Structure formats: C-alpha cells, structure tokens
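This report refers to the structure that appears directly beneath it.
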Amino acid sequence: MKVIIYSTKSFEREYFLNANAGMYPVMFLKQTLTAETCHLAKGYDVAIICTEDDASAKQLEMLRQNGTKFMVTRAADYGNIDIKRAHELKMKVANVASASTNATAEFTIAMILTLNRKIIAASKQVANADFSAEGLAGFELYNKTVGIVGTGKTGAVVAKILHAFGCRLVAYDPYPDIELTRSYHVNYVGLEQLCATSDIITIHTAINPSTKYLIDEGLIDEMKPGVMLVNTARGSVVNIPAVYQALKHGRMAYFGADLCFGGNGRLPFNGARPVPEDELLGSLSKLPNVIITPHIAQATTDALANVANICFGTINNWLSNHSNQNEISLKERGRL
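In the working numbering, the protein residues as written are 45 to 380.
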C-alpha cells in the first residue's frame, strides 16, 4: 500500500510521518491535485487530499486508471469530490469529519469576540502610543440572538459554547438536532427568520449544489441592521460581493471569514498572494470591521495530529477490511 499526499504544507509533514509510523511508503507533494498532476499518483494506492484539490470526475478517472483505489480528504467537507463518480469507479472515499471540530468552533468564538470587542484596532492603537478608548466600545454577547446555519458537529459545539455566554440560539438545518434543543435551548427556524432575527450569524455548512451561495443578496437584505456575519465554513456558501456592498452601505456591521478569495476559488494555504485581478479580498481586508484569515480555524497541533491519525487509521481499516465509519456514502448531508 503506497500513499501520496497532495497539497502538503510543511507544518503537516511531521504529523503525517508520526501517524504513518513507517507502515507505508509515502510521497509528499506541494502541488494540488489537478488534471496536470494526476500522473504523479501512478502506482499509489491511496491519495490523501484537502479542500484545495480538484477531485472532480475527470481527475478521479485519471487517478483510477493509474491504480489509485482509495481517497481520503483531510477535511470534514468533501464538496470538491465527485462522490457519485468515485462510487461508479469503485473508488472508496473517506473524510475526517470530527478531527478539527473543537478547533474550528473555538476559532469561530474567537473571531466573534475579536470583531465585537475591536481587539485588533485596540492593539494597533496601543502600538502607536494611543491609549484612548474612543471608538472601541463593543457589546456583550449575553442575551443576544445568535443564528447558527448548520448544526452538524462544528455547529453543535458552537451552540454549546454560546449557550454558556447566555445567548439566545436559533438555528437552521435540514436535519434538526433534538439534543441541542433539549440541552441548549436551540430553536430551529427557517433561514429567512434566522436572518431577520439574529444579531450574529455564524455559518457551519458544507458546500454542495444546495448550499452554494446559500447566503445570497436577498437573505443579506433581510438581515437586521448592524448584524455580524461570520463564516468559518466554505467561501462560496456566501455571496461575497453582496456582503461587501452591505458593509460599505452600513447595513452589516461586522464580517469575519476564515478563508481567502483567490481568482481560482482556491484557498492559498501556502501564503500565496491572490491573483492580481481579484480585488475583492483587498477591498474587504481594508475595512476596519472585517477580519479575514487564511483558513486557519483547524490549524491547532491537536487537530493536525487528529487529522493525520484518522487518515492513516482509515487506510488501516481499508487494508484489513474492517468497517470504516469515515467512509462517505452517496447520501450527502451538507453539514460540518
């Protein structure tokens, strides 16, 4: 069993090496999976990919022809993989649904607090020897209404944390979690009602045809004046031009996103600059009420170790013909 890992970042290598423990030959690639890089997997049984990689039908067919039988995405979201085509090709696919749940949930709360309490602006003022508190007043989370879009594993942890702050919680999800309602008083409502009543909206849904641009211009227009919108899921769940206009015209007070909007729609984990024609990222990041980070919500030492261990644990289960709880079926649920 030989393993190839696409889109490898330097900080990931040690975790994969530790998880593998010398069991399988492994090749690390910096390149993303594309039609031009599929040939590099020839002779490798397993491809480990991430959300940057293009595992659409054409690429899967090329990988299968080259001998790849298994694929693991080191993320909860698998919207970049054509699951139907993979099953037709008899290629097994798995994800790591819960490896970075706590990391992403905690990061979401950190982003909400950083935006609300203007922590970055305050730190910059002090660095410039300005100890004034002018313009730095925020608001308390207690008794505020927070709308959670998607109450899968990550959304559920976010609900648990925000309940401790004393927030009123509403949620939208095609698959309501009754335990969240019982334990944390989460009230499931329609998406339009969530947008119209929430002081803060946080997004935790995977990307698929039904969730692409789920938060569109119409829903943004329905949001309360002064709303905070936070997206630590996938960028294309939100209509970013509409967000920018809402921020510029004062209808939206805060926006936080843990992603980068490059011209090719990919997430430049390696710190690469966006392509020159993509002016939206620059325009957004210059606004004082916006925080954009380069997809680091899951980047904790704990989560990185969990991801690597789950990836190789999944491979071990496949090799030994054991049941595999991380294997993806054709039924998509669109949550993280």
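Beta carbons are placed, not taken as given, at the ideal position from N, Cα and C, and that holds for glycine. Keep in mind that this is a model prediction, so the values were computed, not measured.
Strand pairing of residue i, partner residues [DSSP]
i, result
"isoleucine 125", "Ala99"
"leucine 213", "Val190"
"methionine 71", "Ile48"
"alanine 301", "Asn275, Ile336"
"asparagine 172", "Asparagine 172 is not bridged to any residue."
"valine 282", "Ile259"
"asparagine 296", "Looking at the sequence provided, one finds methionine at residue 296 rather than asparagine. According to DSSP, which records beta bridges pairwise, methionine 296 is partnered with Val271."
"tyrosine 288", "None; tyrosine 288 has no bridge partner."
"threonine 246", "Ile192, Val274"
"asparagine 368", "Paired residues: none, contrary to the question."
"asparagine 110", "DSSP, once it has assigned bridges, lists no residue as partnering asparagine 110."
"tyrosine 232", "Ala215"
"isoleucine 93", "Thr117"
Start and end residues, beta strand (DSSP E) containing residue i
i, result
"alanine 138", "136-138"
"tyrosine 219", "Element bounds for tyrosine 219: n/a, residue is neither H nor E."
"phenylalanine 60", "Premise fails: phenylalanine 60 lies in the alpha helix (DSSP H), 57-64, not in any beta strand (DSSP E)."
"valine 116", "114-117"
Burial state of residue i (16 or more Cβ within 10 Å)
i, result
"glutamine 342", "buried"
"methionine 267", "buried"
"arginine 226", "exposed"
"glutamine 103", "buried"
"proline 285", "exposed"
"tyrosine 298", "buried"
"tyrosine 59", "buried"
"serine 367", "exposed"
"proline 320", "With a pLDDT of 38 at proline 320, under the threshold of 50, the modelled position of that residue is not reliable, and no figure is offered here."
"serine 242", "buried"
"glycine 66", "exposed"
"histidine 83", "exposed"
"phenylalanine 151", "buried"
"glycine 307", "Any reading at glycine 307 needs caution, since the residue's pLDDT is 34, under 50, leaving its predicted position unreliable; the model's value is listed next. So glycine 307 ends up on the exposed side."
"glycine 210", "exposed"
"isoleucine 372", "buried"
"alanine 120", "buried"
Beta-carbon proximity of residue i to residue j, cut-off 7 Å
i, j, result
"threonine 246", "valine 281", "no"
"cysteine 239", "leucine 263", "yes"
"asparagine 231", "glutamate 261", "no"
"alanine 91", "threonine 112", "yes"
"lysine 197", "threonine 145", "yes"
"phenylalanine 31", "threonine 52", "With the chain covering 45 to 380 only, the question about residue 31 has no answer from this structure."
"isoleucine 336", "alanine 301", "yes"
"alanine 85", "asparagine 110", "yes"
"methionine 135", "arginine 118", "no"
"asparagine 350", "alanine 143", "yes"
"alanine 149", "valine 202", "yes"
"alanine 200", "leucine 224", "yes"
"asparagine 124", "alanine 99", "yes"
"alanine 101", "arginine 129", "yes"
"isoleucine 93", "tyrosine 122", "no"
"glycine 194", "aspartate 217", "yes"
Residue i versus the options, residue with shortest Cα-Cα distance
i, options, result
"histidine 131", "Met115, Ser142, Val140, Ala143", "Met115"
"asparagine 139", "Asn365, Asn353, Leu363", "Asn353"
"leucine 348", "Glu56, Gly210, Ala149", "Glu56"
"threonine 47", "Leu73, Gly179, Tyr88, His229", "According to the sequence displayed, residue 47 carries valine and not threonine. Answer by Cα proximity: Tyr88."
"asparagine 275", "Ile192, Gln289, Lys134", "Ile192"
"glutamate 236", "Val214, Leu374, Asn350", "Val214"
"valine 70", "Val334, Gly294, Phe356, Asp174", "Phe356"
"threonine 78", "Glu105, Ser54, Ser364", "Glu105"
"glycine 179", "Thr189, Tyr186, Ser373, Ile164", "Ile164"
"methionine 272", "Gly279, Tyr216, Val334", "Val334"
"threonine 345", "Ala147, Tyr186, Asn365, Ala154", "Ala147"
"tyrosine 219", "Gly210, Pro338, Gly234, Arg212", "Gly234"
"leucine 331", "Arg278, Gly123, Leu159, Leu374", "Leu159"
"tyrosine 68", "Gly199, Asn365, Ile359, Gln369", "Ile359"
"proline 269", "Thr195, Arg295, Tyr216", "Arg295"
"lysine 162", "Ile251, Tyr186, Leu61, Ala181", "Ala181"
"methionine 45", "Ser364, Gln369, Asn187, Asn370", "Ser364"
Start-to-end residues for the alpha helix (DSSP H) that takes in residue i
i, result
"isoleucine 354", "345-363"
"leucine 156", "Checking the displayed sequence, the identity of residue 156 turns out to be isoleucine instead of leucine. Where isoleucine 156 is concerned, the enclosing alpha helix (DSSP H) stretches over 145-160."
"alanine 85", "From DSSP, alanine 85 is part of no alpha helix (DSSP H); its letter is neither H nor E."
"lysine 204", "197-208"
"threonine 241", "235-241"
"serine 142", "No alpha helix (DSSP H) holds serine 142; DSSP gives it neither H nor E."
"leucine 324", "324-329"
Proximity test, residue i beta-carbon vs the ligand SAM heavy atom, cut-off 6 Å
i, result
"alanine 63", "The ligand SAM is absent from the structure shown, which contains no ligand whatsoever."
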